[in-house]
Amino acid sequence: MAGMKMNDGRSTGDGRRDFASAPRFGDPLSWSVPVFRLGGTVVRAHAVLLGTVVTILFRAGWFAGDSSFLLGPLPASIFLASLCGCVFIHEYVTLLVARRLGGDMPEIVLQPLGGMETLALPDDWRSALLVSASGPLVTLVVAVAAMAGLLYGTTVTPSPDPFGFTGIYSPEVAASAWLESLYLFGVAAILVSGANMLPAAPFRGGAILEAVCRPRVGNARARRYAHRVGVFTAVGLGIVGVLSLNAAIVLIALLSAACLHHEHRRLEAVADAVGGGDPEVVDLRIDALLDQQSAEADAASIREEDERRIAAVDAAEAEMDLILAKINAQGLASLDASERAVLDAATRRRRDDVGPDDPGGLDR
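Residue numbering for the sequence shown follows the working numbering, beginning at 864 and increasing consecutively.
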């Protein structure tokens, strides 16, 4: 597996796509278009998100005033803007926490209820759990804050339905543009937070399950178990969607199935790269490789820290040599304020290194 860095069965070394990469049928993550850059991170909109926006706006305009679709064009636009905003908050918080704790998200790919990008989790299971749960927790806080604002601005208790829009035009909320917008924003946040607890790709519930299982069964096996649970979840969603004639749930199941298929192919490629064979043996080999890479990364970090410390000491000694040469040539009075500060600091460090029990140390 030369040239491939692994993280729990994911390849993190070659997963970055440039700003103009072309969609590929076999890669669900590539079914997206770039929207903008945020620092060095590309933010993309997935085809499913774009299709959802077009569908809802079309239905809102076509069925305006019809009881078959309760949202008019303006509320539908506000809801879609709120949904996209909540999804972006969810993914950007996950990105920040991941990079802070040693994980990585090469890019942000927005779908209607979250992200679709590959999330490389940190090695430590607690950090991995925090990275996985950070997005759903933040959007849950956003939803609670929105509902608190709604409670503060109304005299009746609203009853938001995160899986529909019934009751959204209650008289007091519908009479106020900002209360209606706040309600829609809260519903969008609840949808994003709740959906991302599903234990199936591309939602964060699978990564949360994987992180919880890691200390008990190891990284590679936890990844495989989470993948299996994701398959059962996607199948269950598909059955529920078909039986209830709910196209949205069926779409979520199909999206999850596409991502799980992509993940399955990646896991197979990793298994082949470590020699294949029995899944239990493959798990042991992958965990051993991950441990080796972690040890190498720690050793490299220690070397870099030592090199930085040595470079700092060399620079300080070179500066002191220049100051001492100046004193020797022009006298102590020739030093400026910054040079005196450097000399005083070096003297204090020398005294601290020698210690009070070694009065002769200053002469050495």
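Don't be surprised by glycine CBs; every beta carbon is placed ideally from N, CA and C.
Buried/exposed call for residue i, threshold 16 Cβ in 10 Å
i: serine 1056; result: buried
i: valine 896; result: exposed
i: valine 950; result: buried
i: aspartate 1167; result: Sequence inspection shows glutamate at residue 1167; the aspartate mentioned does not correspond to that position. Classification for glutamate 1167: exposed.
i: tryptophan 894; result: buried
i: alanine 1038; result: exposed
i: valine 1004; result: exposed
i: isoleucine 1031; result: Low local confidence applies: a pLDDT of 47 at isoleucine 1031 is under 50, so the model's placement there is unreliable, with the coordinate-based value given in what follows. Buried, because 16 or more other Cβ atoms sit within 10 Å of the Cβ of isoleucine 1031.
i: serine 1107; result: exposed
i: proline 938; result: buried
i: aspartate 1184; result: exposed
i: aspartate 1199; result: exposed
i: valine 905; result: buried
Reduced DSSP secondary structure (H/G/I, E/B, other) of residue i
i: alanine 883; result: Only weak support exists for where alanine 883 lies, its pLDDT of 43 falling under 50; the coordinates are left without a value.
i: arginine 1211; result: helix
i: proline 999; result: helix
i: alanine 991; result: helix
i: arginine 873; result: At arginine 873, the pLDDT of 47 sits below 50, so the modelled position is not reliable and the matter cannot be decided from this model.
i: leucine 901; result: strand
i: serine 1039; result: coil
i: serine 895; result: strand
i: glycine 978; result: strand
i: proline 1065; result: coil
i: threonine 915; result: helix
i: serine 1119; result: helix
i: glycine 935; result: coil
i: threonine 1029; result: Confidence at threonine 1029 is low in this model, with a pLDDT of 49, below 50, so the placement of that residue should be treated as unreliable; the coordinate-derived value is given next. Coil at threonine 1029, not helix or strand.
i: threonine 957; result: helix
i: threonine 1018; result: coil
i: aspartate 1240; result: A query on residue 1240 cannot be resolved here, the shown segment of the chain reaching from 864 to 1227 and no further.
i: aspartate 1226; result: Reliability of the predicted coordinates at aspartate 1226 is poor, the pLDDT of 48 falling under 50, and the value obtained from them is presented with this limitation in mind. Of the three classes helix, strand and coil, the one that applies to aspartate 1226 here is helix, per DSSP.
i: leucine 1108; result: coil
i: methionine 1060; result: coil
i: glycine 1081; result: coil
i: glycine 813; result: Outside the shown range of the chain, which is 864 to 1227, sits residue 813, and nothing can be said about it.
Whole-Å CB distance - residue i paired with residue j, under 8 Å assumed
i: glutamate 1202; j: isoleucine 1186; result: 5 Å
i: valine 1254; j: proline 1062; result: In this structure the chain extends from 864 to 1227, so residue 1254 is not present and cannot be described.
i: threonine 1017; j: leucine 1042; result: 7 Å
i: valine 911; j: alanine 961; result: Not confirmed; about 23 Å, so no contact.
i: histidine 1127; j: histidine 1090; result: 7 Å
Bridge-paired residues (DSSP) for residue i
i: isoleucine 971; result: Val906
i: alanine 983; result: Asp967
(message) Quick check: the region 1072-1081 against the region 961-979, are at least 3 beta-carbon pairs closer than 8 Å?
(response) no
(request) Count the C-beta pairs between the region 1042-1062 and the region 997-1008 that are closer than 8 Å, then say yes if the count reaches three, no if not. (result) yes
(message) Would you call the region 1204-1214 in contact with the region 1162-1178, where contact means no fewer than 3 C-beta pairs closer than 8 Å?
(response) no
(request) Mind the definition here: the region 1085-1102 touches the region 1113-1125 only if three or more C-beta pairs lie below 8 Å; say whether that holds. (result) yes
(message) For the pair the region 1003-1013 and the region 1042-1049, tell me if three or more CB-CB distances fall below 8 Å.
(response) yes
(message) If contact is defined by three or more beta carbon pairs under 8 Å, each pair taking one atom from either stretch, is the region 952-962 in contact with the region 977-995?
(response) yes
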